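Structure first, then comments.
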Amino acid sequence: LQVNNNGIISFLKEVSQFTPVAFPISKDRRVVAAFWADVDNRQAGDVYYRESTEQPILEKASRDIVQYFPEFPGFSAQWVFIATWYRVTFFGGNSFSPVNTFQIVLITDGKLSFTIFNYESITWTTGMHASSGGDFAGLGGIAAQAGFNAGDGKRYFNIPGSRTDDIADVEMTTNVGIPGRWVFRIDDAQVQVGGCSNTTSVCLMLRPCLNGGKCIEDCITGNPSYTCSCLAGFTGKRCHIDVDECLSHPCQNGATCLNGAGSFSCRCPLGFRGAICETEESPCESRTCQNGGSCQVANGTASCVCPLGYTGADCQTEVNECESSPCLNGGHCVDLVDNYTCVCLEPFVGQHCETDSSSCEDRSCRIRQTCNYIRPGRYICTCSPGYYGNNCQYGGPRVPGACLSQPCQNAGSCLETEQGYICKCQEGYSGQDCRDKLLEGCECRNGGSCLERNVTICQCLPGFFGLLCEFEITTTPCNMNTQCPDGGYCMEYGGSYLCVCHTDYGTNHTMPSPCDSEPCLNGGSCEVHGDSYSCECPQGFLGKHCEKAKPRLCSVGPCRNGGTCREADGEYHCTCPYRFTGKHCEIGKPDPCASGPCQNGGTCFHYIGKYKCDCPPGYAGRHCEIVPSLCFLSPCENGATCEDLGGVYACMCPMGYVGKRCQSEVDCGVPSEVKHGQASFNSTKVGSLAEYQCELGYTLSQHNHPRVCRLPGIWSDPPECDEIDECQSQPCLNGGRCKDRVAEFLCLCEPGYTGHHCELDVDECQAEPCKNGATCQDFAGSFTCYCPKGFVGTQCETEVDACESDPCRNGGECESYGGSYLCVCPEGFFGYHCETASDPCFSSPCGSRGYCLPSNGTHSCTCKVSYTGKSCEKVKRNVNNKNDISRPIMLTTRTRPRPVEGFEITNVTASTITVQWALHRLKHSTVSRVRVSICQSGDLADSTVELNSSVAKYTFLDLQPGERYVIHVTTLSGLGTEDHPSESLATAPFHVWTRPLPPKNLTASRVTATSVSMTWEQLPAGTVEGYIINVTTAQSVKSRYVPNGKLASYTVRDLLPGQQYRLSVTAVQNTEQGQVHSEPIHLYVTTLQRDGVLERRWSQAGHPRVLRNRLPPAFLSELRLLADHNTAEEPSPAPR
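Per UniProt numbering, the very first residue in the sequence shown carries number 1; after that it's consecutive.
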């Protein structure tokens, strides 16, 4: 798997091509391409990638695949790979050029594999390389390719708009209902595209896509609609427009561009070649110099400069240095490259075999050995015991334990033998004691060693000769003196040899074999026959040593008349074609076609020893004697099927055609008009579509759209243009009621709010609503009056009647004085509330059960018969019947007060909730306090506040945005525990959601004459589910809901040049009671007068701002699918 910085993840091999080509592509080009274009992340942006098996990411990936492919409910991801191209620009751009951000996600469970494309922001489509043809804004030319290609030329998918300017809008397209997201299954024999779950299929019923385009159900609106994914070379809504690739002038150096279906070719002028004629031809390109020769151009002509040792126009001929016969005294010359060597006859030596050396002089037998002269140039060394070799150079005195002295140097291994020891040297060393270091690069073969520090001058082992010891001596038996052990000399005898051994050499030693020298060449096997040997040669070789190649008998072409030659067992055989025989296929046979057996113009040809007739179209039979049927001449037109009925024929017409020969095409005529709509169509034939576009403020009823021309020439039922209910997007804030109008809406605001969307809070305190010196505090949509002592009411308009609660006891009369009261007590009572009796017996404390006697401010009771106790409250026990009645217990309590009335939520923000209620003067006269409590969903403890009964409104502060809260309100009566307080039943719990946080730092990143690209800071993951985008002018308001909570940018299109717009972004959170909207954030923008003008101006909330490039964030957010900032992705290097 390779992550390429050109917007591709490829398999098997990387993709270095930056100019995209249309899918399908064969030759194992297996790629997943989110945005194949000329990306240059050296100038701006980074490419991040990582693989993950973390459980939260795998669970998120599994949920997405199950949602988009419900036929796999048990899918469980085991591996996820994420690659993100973050704010990358195009080749030829700079740090101020437009940037793109997109992502590829690969998901698999080991059997099923899927890919997800996420597009966050696409602002350019093409690089500025000559092969792409883009401009300074990254537009035009060959635009980006997006989709999937399996590499077999069959399975692929093109996202609509690929390689056209429409690919710039890919962030607003989808196949799964989320703008900017495309999902595919990529392991099946047929590419599967995640899609809609609705049952109505426009693609299956209408098949609207032409020229082989693939039809995709539209999942954004949920209404029956479609999008066409076009084959290479076609574009348009129905793939009906042929793309002219030559418009970008891709051919260079004056070449002629030839447009084709999905491709182009360049006809190059003389002297140029290449796909786009970009390479200038050189005369050396058609000239091949052999054997390392180099080509040079002189005066427009190419010639070869040959290395030493070669000649000829193309250096094809090797110079033969042996032609001058440099070897003397019968020496054999061996030609080398730019050199030669002489193989001398004994006893001659020297470079040219010019020296005759006596064998027993100087360097023959070693010290203490005897040299025996035989004839000129011949000698035999008689070796002392323990020595052997033709010069007695091997072995030594036979010493027991010869290895004890460690004679082998340079880490050589010592092996004891009967003659002494042998050293096995490490690589790079040689010699009897491994003292000699081999010359690096020594070319000597067969164990030879290099002499005089020359890699080509060799001292050969016995039995080999030549410049590099490459030749083996096999001419006479005694040429291998080492065949005789223990230094014994060899004597030739009867074509073989005899060894003259030393007297102390035992006879139990194994005699060497004639095959020890491996005399058989070319893979031949050696067999011993007594004192001689023979070679069994492999197929294709012969000779005593298998040194000769067998001649190929078929190479002379003995077979004639097209016969095939085959060799077997040293002979050749000819396989003759039809009508020929003989050893060389020289004898011909009679021609069976000579009699002309084929009738009706049939052609006779030979077939397996006989003949066969090739009949003209329509005729049949062995001799073409059967006449064709009436349908043979294809009388039916327009693709109709002909049926032969015996003397007559009948045409089965395809849909849309009638007549005996299906020659007439059915015509539906011009489709009828629709109220508030305009029809467009390109044909009135059967199967044609008529599409309607409604006037501003109206939308199509999709159940009859588009209209279809059907047999017998009638259009299907027309659709209707229904008025759009602009109030469905809930544009009115702060409780405002929306009134729908044609192409606009009107917000009827709640008291305290104003503005087009009721978004402005009115300062109610400016009207000084609070009376009697009260203090006014303004709130969102309301106000609160803080009353001075003695006054109550919403506006402190009511003076407090202190006597209303009947505070005076024992019949005392209450008199009110400016918010306070005075109790006038009756005779016998005194105190602030007349609660104390002046006559202790006045209140009859002994009741009817005794008599009260006052005494010093207190009293005592004289009880009647059968009663006792301080207040005569006990009944005496009757001893006779044992009845015992206790004193009755008394309970004083207070009934519950009424709950509050008119409880309502008056205002909600992201951090506050304001509630309001009402207390009736009579119904709630016993209410002393109001208890208001709030609890966040999931919390166990409530936050409670108790308010004076004169307060009718309260605001909870410091709340969390986007959270659900539960609010209860109860009333309390009584002032203290001695006053027996009671509490009303609580109001039904109110469930209220605070508003989500609004977007922050709304800016316009790009402004043209017809579009504005906005960006804002992405809200924390999971806090919102979408955004409402409002576009407001002085005449109208357009709204769109985008169900993507991770959206951080949006491009508003189809604007008018030079027009001022107010753009608003509102965050949306879904709850159990519906959607909750944040406060909107506004951006005021004026579009350019025309494209190409660099001046860009806008303002946020009415204040001018300067365009600037924002630095990339410190971390990369996972787009749409994942939000994991803890694991850093690895940035890929820029390859160029």
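Every residue, glycine too, gets a C-beta built ideally from N, C-alpha and C.
Treat the numbers as computed from the prediction; the structure is a model and nothing was measured.
Option in the options with minimal Cα separation from residue i
i      : options                        : result
Val792 : Val1037, Cys834, Ser949        : Ser949
Thr641 : Cys653, Tyr657, Ala146         : Cys653
Val686 : Thr699, Leu696, Val670         : Val670
Gly524 : Ser532, Ser513, Glu536, Ser517 : Glu536
Ser26  : Arg155, Lys675, His968         : Arg155
Asp740 : Phe348, Cys776, Tyr698         : Tyr698
Asp939 : Phe779, Glu518, Thr164, Gln960 : Gln960
Cys546 : Leu630, Leu521, Leu1063        : Leu521
Exposed unless 16 or more other CB atoms sit within 10 angstroms - verdict on residue i
i      : result
His920 : exposed
Ile8   : buried
His991 : exposed
Ser937 : exposed
Gln67  : exposed
Thr944 : exposed
His757 : buried
Ser16  : exposed
Leu733 : buried
Met480 : At Met480, the pLDDT of 43 sits below 50, so the modelled position is not reliable; the number obtained from the coordinates is stated separately. Classification for Met480: buried.
Ser197 : Confidence in Ser197 is poor, its pLDDT being 47 and thus under 50, which makes the residue's placement unreliable; the coordinate value appears in the next sentence. When all chains shown are included, Ser197 counts as exposed.
Met655 : exposed
Val3   : buried
Asn5   : buried
Gln426 : exposed
Val648 : exposed
Gln678 : exposed
Residue j beta carbon less than 8 Å from that of residue i
i            : j       : result
Pro718       : Arg707  : yes
Cys239       : Gly271  : no
residue 1165 : Glu1017 : With the chain covering 1 to 1136 only, the question about residue 1165 has no answer from this structure.
Phe157       : Phe148  : yes
Thr1087      : Val1007 : yes
Asp801       : Ser816  : yes
His1077      : Ile1029 : no
Leu748       : Gly735  : no
Gly331       : Cys315  : no
Leu468       : Glu443  : yes
Cys615       : His584  : no
Arg896       : Glu799  : no
Phe90        : Gly127  : yes
His624       : Gly602  : Reading off the sequence, residue 624 comes out as Cys, not His. Yes, Cβ-Cβ distance for Cys624 and Gly602 is below 8 Å.
Ser10        : Ala44   : no
Whole-Å CB distance - residue i paired with residue j, under 8 Å assumed
i       : j       : result
Ala910  : Leu997  : 6 Å
Val170  : Ile178  : Not a contact, Cβ separation roughly 13 Å.
Cys787  : Ala774  : 5 Å
Ser1011 : Ser1005 : The Cβ separation is near 11 Å, so there is no contact.
Ala83   : Ile104  : 5 Å
Phe605  : Gly618  : Phe605 to Gly618, Cβ: 19 Å. No contact.
Gly713  : Cys668  : 5 Å
Interface flag, residue i vs chain D, CB-CB below 8 Å
i      : result
Ala690 : Absent from the structure: chain D. Only one protein chain is present.
Distance cut-off 7 Å: residue i Cβ against heavy atoms of the ligand ATP
i      : result
Lys953 : Ligands in the displayed structure: none, and consequently the ligand ATP is not present.
Only counting runs of 3 or more residues, tell me where the beta strand (DSSP E) segments fall wholly within the UniProt domain "EGF-like" (723-759), in order along the chain. 737-741, 744-748
Report the start-end ranges of each beta strand (DSSP E) in the UniProt domain "Fibronectin type-III" (998-1090) that is 3 residues or longer and not cut off at the edges. 1000-1007, 1012-1017, 1026-1032, 1037-1042, 1049-1052, 1060-1071, 1074-1077, 1081-1086
Which runs of the beta strand (DSSP E), 3 residues or longer, sit entirely within the segment 313-357? 332-336, 339-343
Identify every run of the alpha helix (DSSP H) within the segment 247-295, keeping only runs that are complete inside it and at least 4 residues long; order them along the chain. none
List in chain order: all unbroken beta strand (DSSP E) runs of 3+ residues lying wholly within the segment 10-88. 30-36, 46-52
Entirely enclosed beta strand (DSSP E) segments - the UniProt domain "EGF-like" (761-797), minimum 3 residues: 775-779, 782-786
Length at least 3, wholly inside the UniProt domain "EGF-like" (799-835): the beta strand (DSSP E) runs in chain order: 813-817, 820-824
Going residue by residue through the UniProt domain "Fibronectin type-III" (896-997), where are the continuous beta strand (DSSP E) segments of at least 3 residues, counting only ones entirely within it? 901-908, 913-918, 927-936, 943-948, 953-956, 964-973, 990-993
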